[in-house]
Amino acid sequence: MSSERIIGTETEFGVYRPGDAWANPIALSTRVVSAYGEISRIGTPAEGAGIVRWDYTGEDPLNDLRGMRMSRAAVDPSLLTDDPYHLAPSGGSERIARPTAEELALPAATTAVLTNGARLYVDHAHPEYSAPETLGARDALLWDRAGEVIARRVMECLDALGEEPIVLVKNNTDGKGAAYGTHENYQMPRITDLDTIIRGLIPFMVTRPVICGAGRVGRGQKSEVPGFQMSQRADFVENEVGLETTFNRPIINTRDEPHANPAHFRRLHVIGGDGNMFDVSAFLRFGTTSLVLWAIEQGTDLRWDALLMDDPVQETWNVSHHPDLDYTIGTAGGSYTAVELQQIYLDLVLGAFEETGTTPTAADREILTLWQSILDRMRADLFSVAADVEWVGKYQIVKRQKERAGLEWNDPRLAAIDLQWADLRPSHGLVHRLAKAGMVTRLVTDEQVERAADVA
Numbered sequence: 025m026s027s028e029r030i031i032g033t034e035t036e037f038g039v040y041r042p043g044d045a046w047a048n049p050i051a052l053s054t055r056v057v058s059a060y061g062e063i064s065r066i067g068t069p070a071e072g073a074g075i076v077r078w079d080y081t082g083e084d085p086l087n088d089l090r091g092m093r094m095s096r097a098a099v100d101p102s103l104l105t106d107d108p109y110h111l112a113p114s115g116g117s118e119r120i121a122r123p124t125a126e127e128l129a130l131p132a133a134t135t136a137v138l139t140n141g142a143r144l145y146v147d148h149a150h151p152e153y154s155a156p157e158t159l160g161a162r163d164a165l166l167w168d169r170a171g172e173v174i175a176r177r178v179m180e181c182l183d184a185l186g187e188e189p190i191v192l193v194k195n196n197t198d199g200k201g202a203a204y205g206t207h208e209n210y211q212m213p214r215i216t217d218l219d220t221i222i223r224g225l226i227p228f229m230v231t232r233p234v235i236c237g238a239g240r241v242g243r244g245q246k247s248e249v250p251g252f253q254m255s256q257r258a259d260f261v262e263n264e265v266g267l268e269t270t271f272n273r274p275i276i277n278t279r280d281e282p283h284a285n286p287a288h289f290r291r292l293h294v295i296g297g298d299g300n301m302f303d304v305s306a307f308l309r310f311g312t313t314s315l316v317l318w319a320i321e322q323g324t325d326l327r328w329d330a331l332l333m334d335d336p337v338q339e340t341w342n343v344s345h346h347p348d349l350d351y352t353i354g355t356a357g358g359s360y361t362a363v364e365l366q367q368i369y370l371d372l373v374l375g376a377f378e379e380t381g382t383t384p385t386a387a388d389r390e391i392l393t394l395w396q397s398i399l400d401r402m403r404a405d406l407f408s409v410a411a412d413v414e415w416v417g418k419y420q421i422v423k424r425q426k427e428r429a430g431l432e433w434n435d436p437r438l439a440a441i442d443l444q445w446a447d448l449r450p451s452h453g454l455v456h457r458l459a460k461a462g463m464v465t466r467l468v469t470d471e472q473v474e475r476a477a478d479v480a
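Everything in the sequence shown is counted per the working numbering, starting at 25 for the first residue and increasing by one.
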């Protein structure tokens, strides 16, 4: 199977109304989902028109891979995402009287199944696009990008109806303490030992942002420290292993909800990644993770123990906070930079192919070649990958503006660039402009992405 496993992605979009700082994000998100549900299936009911609701039967957010189940009465309410009649609140909102009268007047947890097999729904306080299941990294990229098209169509629909505008952005934090997720899901055989997965995967996840981070202006959950970092999500990682997704977020999430035969499969739920608008970063995020999981699944004599870190959570922050790639991570086998650790993982994957006598598929070779190319070019000249690695492209733009205008890292104009970067309106988003100018490497065409927004 190597890299060609079932992959699914989930993207919680940032949402706001221009000029209205007090707009209720749950109300905005509800309108986004209901609007797209109304326009996505045109025709008569006999032709399949109308909103198709979600079947919650398979939802089981409290079952843990470690062999235990949390009590509904004991968990934070934000984990209760399996109730079609009650919207799970966002984590960390205990200072706000909830629910508000406006929220009580909203329809029950708004959700719609789309014509491309995806699900669009309100998750906590955000519109979330859950892409259809795909096979392999390239299709995962394509249907992840399709979510951007759906977001654009919603905004255009509301404009056409003359409603107050709603803006959707593909980022992971508002820079003021709120974080929202971009999740990845990888099908794995149940027989693979969980402790081996955790031991082998944590050092990879700590350093993975070097090839697929989306970049962020500000350090700390509330951007309290001026500066730039590789990852949008790193500062919100607070635990090594755990079930939570909205607080005390872990590097390895242990939700056991396979959406398949549980006797044979598990679904690895990755919650610490960034939402990418650069194709190469997204493709490598899915592809390299799939290959590392494949190497772990082989049970070969790989050097996982030599890569163990004393404090992976702290190292997650440290790696992200050093965009000049000069930080070294202490492991049981020595000290390495993030790029060096990624090279070790690449070499371990190649070793697993050799040791098992497995010939890499064409899809595997594409991932391996691009992975090696990015690492080689990063070592030679960081900004040589500015069209491929999203955080590097953002860092280059923001750093140039900072130096040109003589700004400090805490200048709000730099934070505005960060927000505009992920704006999903083609007329406003910086990534859209860069791509149009040929400054972003594309692996899929606009036509393919538009089609993926409509069909599976």
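Ideal placement from N, C-alpha and C gives every residue a C-beta, glycine not left out. As the structure is a prediction and not an experimental result, all values here were calculated from the model.
Supposed contact pair residue j and residue i - C-beta distance, whole angstroms, cut 8 Å
i      : j      : result
Phe310 : Pro213 : So it is not a contact: roughly 18 Å between Cβ atoms.
Pro49  : Ala149 : 4 Å
Ile31  : Thr158 : 5 Å
Gly357 : Met333 : Contact doesn't hold; Cβ gap of about 10 Å is too wide.
Val473 : Val173 : 6 Å
Val178 : Glu262 : Going by Cβ atoms, the distance from Val178 to Glu262 rounds to 32 Å, so no, they are not a contact pair.
Asn434 : Gly299 : Actually they do not touch by this definition, with Cβ atoms about 24 Å apart.
Leu57  : Leu144 : For the record, residue 57 in the displayed sequence is Val; it is not Leu. So it is a contact: roughly 5 Å between Cβ atoms.
Beta-bridge pairing of residue i - partner residues as DSSP gives them
i      : result
Ser154 : Glu34 and Arg143
Arg290 : Met212
Tyr360 : Ile353
Asp447 : Val193
Gln253 : Arg240
Asp44  : Arg41
Ala136 : Leu144
Asn277 : Gly266 and His293
His207 : Glu34
Met333 : Thr355
Ala159 : Residue identity differs from the one stated: residue 159 is Leu in this sequence, not Ala. In the DSSP output, where bridge partners are listed per residue, Leu159 has Ile30.
Val261 : Arg273
Same chain, Cβ closer than 7 Å to residue i, five either side skipped, listed in chain order
i      : result
Gly141 : Pro156 and Ala480
Val193 : Phe37, Gly38, Leu443, Ala446, Asp447 and Leu448
Leu182 : Ala59, Pro189 and Ile190
Glu28  : Leu159, Gly160, Thr385 and Ala387
Leu52  : Val39, Arg41 and Ile190
Asp478 : Thr139 and Asn140
Gln366 : Thr231, Val234, Ile235 and Leu399
Gln253 : Arg240, Arg243, Ser344, His345 and Pro347
Phe407 : Val416 and Gln420
Candidates the options: closest to residue i by CA position
i      : options                           : result
Ala170 : Val241, Pro250 and Glu34          : Glu34
Gln322 : Ala429, Phe377, Thr139 and Glu339 : Phe377
Leu225 : Gly296, Asp198, Glu268 and Gln253 : Gly296
Thr313 : Ser359, Phe228, Ser64 and Val173  : Phe228
Gln256 : Trp341, Val178 and Leu292         : Trp341
Arg55  : Ala45, Ser26, Thr139 and Asp147   : Asp147
Leu454 : Met301, Leu406, Leu374 and Pro336 : Met301
Phe260 : Ser64, Leu394 and Pro274          : Pro274
Thr206 : Glu262, His293, Ile221 and Ala287 : His293
Glu339 : Pro286, Glu379, Glu264 and Ala287 : Glu264
Val373 : Glu390, Asp348, Leu326 and Tyr210 : Leu326
Arg291 : Pro347, Leu218 and Gly430         : Leu218
Gly239 : Gln396, Lys460, Ala429 and His345 : His345
Glu432 : Asp44, Thr135 and Gly251          : Gly251
Trp395 : Tyr369, Ala136, Arg437 and Ala439 : Tyr369
His283 : Tyr210, Arg457, Gln425 and Gly299 : Tyr210
Trp167 : Gly462, Tyr153 and Ser26          : Tyr153
Met402 : Leu349, Thr134 and Ser64          : Leu349
Proximal residues to residue i (C-beta, below 6 Å), its chain only, five neighbours per side dropped
i      : result
Tyr40  : Val191
Ser117 : Confidence in Ser117 is poor, its pLDDT being 47 and thus under 50, which makes the residue's placement unreliable; the coordinate value appears in the next sentence. Taken in chain order, the list of residues that qualify is empty.
Ala362 : Thr231, Val234 and Val343
Trp328 : Arg223 and Gly224
Ala330 : Ala356 and Gly357
Ile120 : Any reading at Ile120 must be qualified, since the residue scores a pLDDT of 49, below 50, and its modelled position is unreliable; the value itself is stated next. So no residue of the chain qualifies.
Thr380 : Gln322
Gly417 : Ala410
Nonlocal neighbours in the same chain, by C-beta distance under 8 Å from residue i, ignoring five residues either side
i      : result
Val249 : Gly242 and Arg243
Leu467 : Arg162, Leu165, Asp303, Val304 and Phe307
Thr352 : Ser359, Tyr360 and Thr361
Ile221 : Met212, Ile276, Leu292, Leu317 and Ile320
Residue i beta carbon near the ligand NAD (any heavy atom closer than 7 Å)
i      : result
Arg223 : Of ligands this structure carries none, so the ligand NAD is not represented either.
Taking contact to mean 3 or more Cβ pairs, one atom from each stretch, closer than 8 Å, check whether the region 296 to 315 and the region 419 to 435 are in contact. no
Three Cβ pairs or more, each shorter than 8 Å: is that satisfied between the region 245 to 253 and the region 195 to 213? yes
Any chance the region 225 to 243 sits against the region 405 to 415, with 3 or more Cβ pairs inside 8 Å? yes
For the region 313 to 321 and the region 279 to 288, state whether three or more C-beta atom pairs, one from each stretch, are separated by less than 8 Å. no
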